[in-house]
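Peer 1: Last residue of the sequence shown: number 260 in our numbering, and the count goes up by one each step with no gaps. Have a look at this one before I ask anything.
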Amino acid sequence: MAWPIAEVARMSGVTARTLRHYDEIGLLPPARIGSNGHRYYEERELLRLQQILVLRALGLGLSEIGRVLAAQVDELEALRGHHRRLLAERDRLDALAGTVSRTITELDQSRKDGRPMTSINRPENLFEGVEPAQYGEGLRNFPELAGDIERRTSAMSEAEIEAGHRKRTAQMIRLAELLAAGTPADAVPAQAEIDAQYRALAELRAVSAQEYRATGRACVDNEQWRAAYESIAPGLAEYQRDAIEAYAATRLS
Numbered sequence: 008m009a010w011p012i013a014e015v016a017r018m019s020g021v022t023a024r025t026l027r028h029y030d031e032i033g034l035l036p037p038a039r040i041g042s043n044g045h046r047y048y049e050e051r052e053l054l055r056l057q058q059i060l061v062l063r064a065l066g067l068g069l070s071e072i073g074r075v076l077a078a079q080v081d082e083l084e085a086l087r088g089h090h091r092r093l094l095a096e097r098d099r100l101d102a103l104a105g106t107v108s109r110t111i112t113e114l115d116q117s118r119k120d121g122r123p124m125t126s127i128n129r130p131e132n133l134f135e136g137v138e139p140a141q142y143g144e145g146l147r148n149f150p151e152l153a154g155d156i157e158r159r160t161s162a163m164s165e166a167e168i169e170a171g172h173r174k175r176t177a178q179m180i181r182l183a184e185l186l187a188a189g190t191p192a193d194a195v196p197a198q199a200e201i202d203a204q205y206r207a208l209a210e211l212r213a214v215s216a217q218e219y220r221a222t223g224r225a226c227v228d229n230e231q232w233r234a235a236y237e238s239i240a241p242g243l244a245e246y247q248r249d250a251i252e253a254y255a256a257t258r259l260s
């Protein structure tokens with residue numbers, strides 16, 4: 008049985024544009040191309056797409072995924088390996104959630120008591136469970152931007168990637184604090200955080216107002232991004248989206 012690209016996009020949540028991009032870079036060629044020019048995928052391609060999405064969720068870049076898939080011999084054994092990595096990632100996220108929960112509790116208590124947070128005595132505790140992640144995580148609907156990010160990070164050391172990951176996590180926590188304080192998304196403190204995020208993207212490539220708005224919507228619509236924001240604070244994904252929308256309307260129009 009063969010499925011057209013539109014049906015594969017619907018089933019997997021990957022846009023047809025991204026599937027065509029995967030074909031263009033040789034990562035996921037279709038089983039065949041019909042006389043009408045449409046791509047068709049069979050069971051083997053769907054299994055390969057599943058592996059690609061699993062590896063993306065684990066933080067691998069497209070070039071690294073290509074090397075992994077090219078090197079594997081047995082699909083079943085490869086899936087077992089992916090399963091082990093997913094279980095490890097689950098444990099990491101559990102540790103991260105615990106870290107953020109403790110930080111919220113300590114921050115709340117320190118503000119009530121007027122004393123420094125206990126974990127500041129050992130600042131590494133703030134980052135328990137936080138590990139470097141590929142810059143393009145969750146960017147599957149933005150293949151061009153993901154490509155620029157992957158090229159940038161391929162030239163970075165592990166320490167630099169880790170520092171960037173922790174910086175982004177800290178930004179998310181600061182936005183969560185603003186959200187908890189009732190700060191409007193279009194207020195100056197929130198817009199300052201969004202400006203820092205935009206400037207970091209602009210260092211990679213020019214980002215139009217329309218593209219930046221799309222990344223804001225992806226904070227809510229993209230499952231991985233939404234889960235990352237909501238693991239820090241309920242409503243944070245929508246807050247980030249609204250803050251980006253306000254920024255694009257006032258600073259990028």
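Beta carbons: idealized from backbone N, C-alpha and C, even for Gly.
Within the same chain, show all residues whose beta-carbon is closer than 6 Å to that of Asp193, passing over the 5 residues directly before and after it, in chain order.
Peer 2: Here the set comprises Ala253.
Peer 1: Please report the straight-line C-alpha distance between Leu76 and Glu84, rounded to a whole angstrom.
Peer 2: Spanning the two alpha carbons is a distance of roughly 12 Å.
Peer 1: One question on the structure: do Gln247 and Cys226 come within less than 7 Å of each other, judged by their Cβ atoms?
Peer 2: It is a contact, given that the beta carbons lie within the stated cut-off.
Peer 1: Could you name the residues of the same chain whose beta carbon sits closer than 8 Å to that of Asp202, not counting the 5 residues immediately before and after it, in chain order?
Peer 2: Counting only Cβ-Cβ distances below 8 Å, and skipping sequence neighbours, we find Tyr254 and Arg258.
Peer 1: Looking at Glu49: is its Cβ nearer than 7 Å to the Cβ of Ala23?
Peer 2: No. Outside cutoff.
Peer 1: So which of Val61, Val15 and Glu210 has the shortest CA-CA distance to Gly88?
Peer 2: When each option's Cα is compared against that of Gly88, the closest is Val61.
Peer 1: Please state whether DSSP places Arg46 in a helix, a strand or coil.
Peer 2: Correct three-state label for Arg46: strand.
Peer 1: If you count every other CB in all the chains shown that lies within 10 Å of the CB of Glu230, and 16 or more means buried, which is it?
Peer 2: With fewer than 16 Cβ atoms within 10 Å of its Cβ, Glu230 is classed as exposed.
Peer 1: If you measure between the beta carbons of Met179 and Ile251, is that distance less than 7 Å?
Peer 2: No, the Cβ-Cβ distance between Met179 and Ile251 is not below 7 Å.
Peer 1: Could you check the C-alpha separation between Val21 and Ala13 for me, to the nearest Å?
Peer 2: Val21 and Ala13: Cα-Cα distance of roughly 10 Å.
Peer 1: Consult DSSP for Arg39 and reduce its assignment to one of helix, strand or coil.
Peer 2: DSSP places Arg39 in strand when its eight states are reduced to three.
Peer 1: As a quick exercise: from Ala234, Glu167, Pro11 and Gly242, pick the residue whose alpha carbon is nearest that of Trp42.
Peer 2: Contrary to the premise, residue 42 reads as Ser rather than Trp in this sequence. When only C-alpha atoms are compared, the closest one is Pro11.
Peer 1: Please determine, among Asp228, Ala216, Pro191 and Pro241, the residue with the shortest C-alpha to C-alpha distance to Ala256.
Peer 2: Minimum Cα distance to Ala256 is reached at Ala216.
Peer 1: Determine whether the beta carbon atoms of Leu243 and Ala183 lie at a separation below 7 Å.
Peer 2: In this structure, Ala183 lies closer than 7 Å to Leu243 by Cβ.
Peer 1: Might you give, ordered along the chain, the residues of its own chain that have their beta carbon closer than 8 Å to the beta carbon of Glu47, omitting 5 neighbours on each side?
Peer 2: One point to set straight first is that residue 47 is Tyr, not Glu, in the sequence displayed. So the list reads Ala9, Trp10, Pro11, Ile12, Pro37, Ala38, Arg39, Ile40 and Gly41, once near-sequence residues are dropped.
Peer 1: I need the straight-line Cα distance from Tyr219 to Ile72, nearest angstrom please.
Peer 2: Cα to Cα, the separation comes out at about 27 Å.
Peer 1: Would the beta-carbon of Ala209 be found less than 6 Å away from any heavy atom of the ligand FMN?
Peer 2: No copy of the ligand FMN appears in this structure; indeed no ligand is present at all.
Peer 1: Leaving aside the five residues before and after Gly44 along the sequence, list all residues of the same chain whose C-beta is less than 6 Å from its C-beta, in chain order.
Peer 2: Closer than 6 Å at the Cβ level, and outside the excluded window around Gly44, lies no residue.
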